[in-house]
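Written below as structure tokens is the structure these notes are about.
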Amino acid sequence: MDYVIYIIPQLLDGVSVSLSIFALTLLFSLPGGLLLALGRMSKLTPLRKLIQFYVWLMRGTPLMLQLFFFYFALPAAGILLTDFSAAIVAFACNYAAYFCEIFRSGIGAIPKGQYEAAHTLGMSYAQTMRRVILPQVVRIILPPLSNETITLVKDTSLVYVLAMNDLMRTTRNLVQRDFNITPFIVAAAFYLLATLILTVLFDYLENRYTKYVN
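Take the sequence shown: its position 112, counting from 1, is numbered 139 in the numbering used here, and each next residue is one higher.
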């Protein structure tokens, strides 16, 4: 127990890095995913095809490879990013592609009659999306959104390849330094706690939206 208390402050420093990556990724990728979804459903064929290719590229290549690309390849083109900035850009671009498909499936599940009814009432496309479509989409996409968000918590461990002192790298350093696997157990507890909090939060949101629908 004394050893656990000793390593907690060091692990918390790693947790702060992981949480920062998690929060900033959601901040950029959620609205980015929505915009991509709307663009992919656009009547403009070039825009639709371009976004389709982007989504295919981001979902078809490993996130770790994308991290390497933004951190190592871009400097060769004169674009310099810090390890933290490269991680945020890679994560946001990757998860925006996944959220794009989630939003697209949610929007596509709304009957076309609701668009026509909103148009009859004199609503513009933007008003229809904001007041009629998106509130229903949120209820539909909550389960897959929950899965991706929980996956994001675990994926933040990938930034250790950029030598960032996130939770996973800090844990590994402690294990190698002290020849003790206890940091792995404590780190697992942190990840489990984070996923538990997210699971409870999304369960609450799902129950709340289901209540209003029923």
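Ideal placement from N, C-alpha and C gives every residue a C-beta, glycine not left out.
task = Under 8 Å by Cβ, that's how I've got C127 and L63 pegged, so tell me the actual separation to the nearest angstrom.
result = Between C127 and L63 a beta carbon distance of about 4 Å is seen, short of the 8 Å cut, so the two are scored as contacting.
query = Do T52 and F118 have their C-beta atoms closer together than 8 Å?
reply = Yes, the Cβ-Cβ distance between T52 and F118 is below 8 Å.
ask   = Are the beta-carbon atoms belonging to L161 and E233 less than 8 Å from one another?
value = No, they are not a contact pair.
Rounded distance between the beta-carbons of Y122 and V180, thought under 8 Å = Their Cβ separation, rounded to whole angstroms, is 12 Å, which puts V180 and Y122 out of contact at 8 Å.
ask   = When DSSP labels each residue in this structure, what does S136 get in the three-state scheme?
value = First, the residue type needs correcting, since residue 136 is Ala and not Ser in the sequence shown. Three-state DSSP puts A136 in coil, outside helix and strand.
message = So, with DSSP's three-state summary, where would you put T109?
response = T109 falls in the coil class under three-state DSSP.
Residues near S45 in its chain [Cβ-Cβ closer than 6 Å; skip 5 each side] = Scanning its chain for C-beta atoms nearer than 6 Å, with the 5 sequence neighbours on each side dropped, one finds around S45 the residues T183, D193, L194, in chain order.
request  = Just tell me which of Y125, T176, V188, R204 has its CA closest to the CA of I224.
outcome  = The candidate whose alpha carbon is nearest that of I224 is T176.
message = For T88, which residues in the same chain have their Cβ closer than 8 Å to its Cβ, ignoring the five residues on either side in sequence?
response = Closer than 8 Å at Cβ, skipping near neighbours: no residue.
request  = Would you identify the three-state DSSP class for D244, choosing helix, strand or coil?
outcome  = Residue 244 lies beyond the range of the chain shown here (28 to 241); nothing can be said about it.
ask   = For Q37, which of L57, V227, P210 has the nearest alpha-carbon?
value = Out of L57, V227, P210, P210 has the C-alpha closest to the C-alpha of Q37.
ask   = On the three-state DSSP scale, how would you describe K76?
value = Helix at K76.
task = Please report how far the alpha carbon of R157 lies from the alpha carbon of G66, in whole angstroms.
result = Roughly 16 Å between the two C-alpha positions.
query = If you check the beta carbons only, do L84 and A114 fall under 8 Å apart?
reply = No. Outside cutoff.
query = What three-state label does DSSP hand S151 in the structure shown?
reply = Look at S151 here: in three-state DSSP terms it is coil, with no helix or strand label.
inquiry  = According to DSSP, simplified to helix, strand and coil, what is K181?
reply    = Here K181 sits in helix by DSSP.
message = Just to confirm the assignment, what range does the alpha helix (DSSP H) spanning L101 have?
response = From DSSP, L101 is part of no alpha helix (DSSP H); its letter is neither H nor E.
ask   = Beta-carbon separation of A124 and Y187 under 8 Å?
value = No, the Cβ-Cβ distance between A124 and Y187 is not below 8 Å.
task = Tell me whether T52 sits in a helix, a strand or coil according to DSSP, three-state version.
result = Helix at T52.
request  = Decide if S56 is buried, meaning its Cβ has at least 16 other Cβ atoms within 10 Å, or exposed.
outcome  = So S56 ends up on the buried side.
ask   = Cα separation between L101 and S43?
value = Approximately 26 Å, taken between the alpha carbons.
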